[in-house]
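There are 2 protein chains.
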Amino acid sequence: MAEIRELSEHVGATVTLRGWVEGTRGHGKVAFLVLRDGTGVVQCVVVKSQVQEDEWALHGVLTPECLVRVSGEVKVDARAPGGFEIGVSALALLAPSEEYPIQPKEHGVDFLLDHRHLWLRSSQQRAGLRVRAEVEQAVHDFLYRGGFVRIDSPILTGAVGEHAGSLFETDYFGETAYLAQTGQLYIEAACPAFRRVYCFGPTFRAEKSKTRRHLTEFWMVEPEVAFADSDENMRLQEDFVSYIVERALENCAEELKVLERDTSRLEAVKPPFPRMSYTEAVAELQGRGAAVEWGKDLGASDETELMADRELPLFVHDYPKQAKAFYMKENPADPRTVLCNDLLVPEGYGEIIGGSQREDDLGRLQARIAEEGLPEKAYAWYLDLRRYGTFPHSGFGLGIERTVAWITGRHHIRELIPFPRLMNRLYP
Amino acid sequence: MAEIRELSEHVGATVTLRGWVEGTRGHGKVAFLVLRDGTGVVQCVVVKSQVQEDEWALHGVLTPECLVRVSGEVKVDARAPGGFEIGVSALALLAPSEEYPIQPKEHGVDFLLDHRHLWLRSSQQRAGLRVRAEVEQAVHDFLYRGGFVRIDSPILTGAVGEHAGSLFETDYFGETAYLAQTGQLYIEAACPAFRRVYCFGPTFRAEKSKTRRHLTEFWMVEPEVAFADSDENMRLQEDFVSYIVERALENCAEELKVLERDTSRLEAVKPPFPRMSYTEAVAELQGRGAAVEWGKDLGASDETELMADRELPLFVHDYPKQAKAFYMKENPADPRTVLCNDLLVPEGYGEIIGGSQREDDLGRLQARIAEEGLPEKAYAWYLDLRRYGTFPHSGFGLGIERTVAWITGRHHIRELIPFPRLMNRLYP
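Going line by line, the protein sequences match chains A and B.
At position 227 of the first sequence the residue is numbered 884 (the working numbering), and the sequence of numbers has no breaks.
At position 385 of the second sequence the residue is numbered 1042 (the working numbering), and the sequence of numbers has no breaks.
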């Protein structure tokens, strides 16, 4: 059994393929059949005079997504998508597909999401998810080659995190466990063992958001580096993001074409990225008439405004302490702020990274935990990291779906995860 | 700031290192300090006459896990672990570590698990987790290079799986969601899109097991291949496992030495692996006097007995239908059995893989769902895959912690995951 991806090795030879019918059309004594086998798509040409009568008759009744076996000669055809064509000598129906729900017409998004298990077969969905897979491999490759040790952080956690109100919880043999929103605190513990570490996995937010940038279950990569300060943290981020974009451009050219992505915007993504302090950002936004006040976190609309004329990703750093999480390190140059950054990307995609240098002073960290009204007992182990050889360190979290939405130019991040989980969607 | 991993590039030069003190010992006018910086461990030699008085005094009060800065000349020393030594010219204490809980003595396992956030720094734990990280990268590399597309399956699921009694559940905006025990059913849906797919992530079992081979949260990789039959599935498994073992041997020689692993056992792991049908296995076990009956799944003690004299992993295939999951394909040659396999490994580690060809006949699958008393509605989308171009396919799940326990030769799988979740353990 041959595969479509390897047709170039079989030019002139007769191969047998198995796959699903994407569509058919006929012109009198010649018919065309578009076949997908999961490794590619190829057009098969059936000439009435060259096949058995029942095979010719069969062609007319093939419906979308039925499974067929096709034998025929591999021919080079520059006009064909993929560059090859099959001159069919035998054709057999292996499995029917009657009234396939997804038709070549406009469907509502709820209908498509209800049929996500079939919608995955569509060309744009395939393209988006293949870019996702490439981005994920690029994440692992970049970090592995950079000497990072992968540390899988737990999903089931006893400690109450920063957003207690937006946690999913479950009974854990009589205790309450929460589904983790981040692995950061855990992997900080592995820095004294491995210096450079990261976690990569699903994270959870029980938020009633219905925006195009929110999922209740999404994937995040979180690198953490001992002895790195906030500046080094941003340099790592720009190298990381640039590498990921480069890999997608290199290995997903065809997919980005299917998605009609303007890749010239992505080709410009090279380090260094411009940087702007939060205070400068607020001044710029106020100068443009935005109703933003110093002290509050920037909202999605502020981010869009800030990125309106920008071609490149932008670091916004050193946010006000009260707008950010308790574990971020106080900025010695301006103690109203913390040593942190967001990374905003252009074209309306907003924040894809949040990062910071971590508070490594035991007393200051305890004070922040108290200020936020968090239970110190739940963080006892985390405070231990400041008791026994505390060390400067920094890290960040990059959201996979947001990053892939930006790279692919898709509007809604729900298309860039195989089975999206939204406030009103747990099926399929 | 230099790093221990790159000392070979600095022989004869003076470098400055930062890291944690693993231990000290003194002999009159010479003292030794073992330094770990996360990239390696190196011995630093302090000679009283060559440092300042306060630096010499400092050496005597350095406690385990305090953070220090050391400057000195890099010297080749074949006797030293790692092959280098630092001739100290300057020494400074950066952060104290008073009464570090983990001492160089025997601690009970509960004490160590309570201090898992610090225990990670110990040499055997570092070694085990580094092998884990290498195995995980090997998983991704093997599958990526083989043309597999990664498909992240959801953790939050509405469908009730095969072991409804052992699922964690959570309130999902008024509905009940379950934490997934497998991604298999979901990634089957992606086969018509990509032919070869896999998922890799955490999975959950709310089981009250306290064995050395169980965790409530563990990681699993699950490849799935369209058009593969059970035989091809086993061939993929033996290639995959052999590659993973080879990568660990190649890139973790030092870690396996720290763990005192007999690597000759691993070097023999090459395809093909021997195969034995379940029926043959039962006969062999009965021949040895075991109280095993045809029709029941093999238990851990059966597996141990079966592997007692074996050097290589062993496939046991074609188990009785009633002992296995509803989605496994009926064996045409013996309909009492299904086309499935477990992969057992030697040295008492038992099953690391379960795999099968999937039932691709709609009617038979519906009958099995009814027989098991499962709600057909929850599987409506899964049945659709048999309605629209159903196709033969096979796949398997490999447990990461069990595989790493076998490769590293550790007794209990809880040491091979950074923060183990056990029936009575949700902290740290």
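We put the beta carbon where it would ideally sit given N, CA and C, even for glycine.
Residue environment: Arg802 of chain B is assigned as exposed (fewer than 16 neighbouring CB atoms within 10 Å of its CB, all protein chains considered).
Runs of the alpha helix (DSSP H) spanning 4 or more residues and lying entirely within the region 778–813 of chain A occur at 780–802, in chain order. The C-beta distance from Gln841 of chain A to Arg862 of chain A rounds to 15 Å, too long to meet the 8 Å contact threshold. Interface with chain B (7 Å Cβ-Cβ cutoff): Ala850 of chain A is included. When Cβ-Cβ separations below 7 Å define contact, Leu750 of chain B makes no contact with chain A. Within the same chain, Cβ atoms closer than 7 Å to the Cβ of Arg869 of chain B are found at His1068, His1069 and Ile1070, the five residues on either side in sequence being excluded. Contacts with chain A at 7 Å (Cβ-Cβ) do not include Asp767 of chain B. Under the DSSP definition of a beta bridge, Ala752 of chain A partners with A:Leu724. Beta-bridge partners of Tyr835 of chain A (DSSP): A:Thr814 and A:Glu826. Going by C-alpha positions, Tyr757 of chain B is about 20 Å away from Arg852 of chain A. The continuous alpha helix (DSSP H) containing Arg892 of chain B extends over residues Ser887 to Asn908. For Tyr976 of chain A, the closest Cβ of chain B is not nearer than 7 Å. Between Gly695 of chain B and Arg932 of chain B, the alpha-carbon positions lie close to 43 Å from each other.
By alpha-carbon distance to Gly697 of chain A, the top candidate from B:Met1080, B:Ala1037 and B:Ala850 is B:Ala850.
Taking C-beta separations shorter than 6 Å and ignoring five residues to either side along the sequence, the partners of Ala883 of chain A in its chain run Cys848, Arg852, Phe1048 and His1050, following chain order. Every alpha helix (DSSP H) of 4 residues or more that sits fully in the region 950–996 of chain B is shown, in chain order, as 957–964. For Ser754 of chain B, at least one C-beta of chain A is nearer than 7 Å to its own C-beta. In the structure shown, Arg870 of chain B falls within a coil segment according to DSSP collapsed to helix, strand and coil. Residue state for Lys914 of chain A is assigned as helix, using DSSP reduced to three classes. At the C-beta level, Leu906 of chain A and Ala938 of chain A stay beyond 7 Å of one another. Contact check between the region 733–751 of chain B and the region 711–725 of chain B: three or more CB pairs, one atom from each, fall below 8 Å, which counts as touching. Judged by DSSP secondary structure, Glu712 of chain B falls within the alpha helix (DSSP H) whose first and last residues are Glu710 to Val718. Chain-order list of chain B residues neighbouring Trp1063 of chain A: empty, with the shortest C-beta distance near 18 Å, by a criterion of under 9 Å. In this structure, DSSP gives Gln700 of chain A an extended state, which the three-state scheme calls strand.
Below the 7 Å Cβ cutoff, chain B contributes His774 and Leu775 as neighbours of Asp1041 of chain A, in chain order. Interface criterion not met: the Cβ of Trp713 of chain B is under 7 Å from no Cβ in chain A.
Rounded to whole angstroms, the separation of the alpha carbons of Tyr935 of chain B and Tyr984 of chain B is 18 Å. Listed in chain order, the positions of the region 976–993 of chain A with a beta carbon within less than 9 Å of a beta carbon of chain B would be empty, since no residue qualifies. Looking at B:Leu971, B:Glu793 and B:Lys978, the one whose alpha-carbon comes closest to that of Lys953 of chain B is B:Lys978.
For the options B:Gly785, B:Ala885, B:Asn998 and B:Pro761, the alpha carbon positioned closest to that of Asn908 of chain B is the one of B:Gly785. Residue range Gly1007 to Gln1014 is occupied by the beta strand (DSSP E) that includes Gln1014 of chain B. Proximity to Glu663 of chain B across B:Ile743, B:Glu679, B:Glu710 and B:Asn890 peaks at B:Ile743, based on C-alpha coordinates. Contact note: Val806 of chain B reaches chain A through Leu786, Arg787 and Ala790, using a C-beta cutoff of 8 Å and chain order. In the structure shown, the three-state DSSP call for Ile1057 of chain B is helix.
A straight-line Cα-Cα distance of about 13 Å links Phe972 of chain B and Leu955 of chain B.
When secondary structure is reduced to three states using DSSP, Arg736 of chain B falls in the coil class, being assigned neither helix nor strand.
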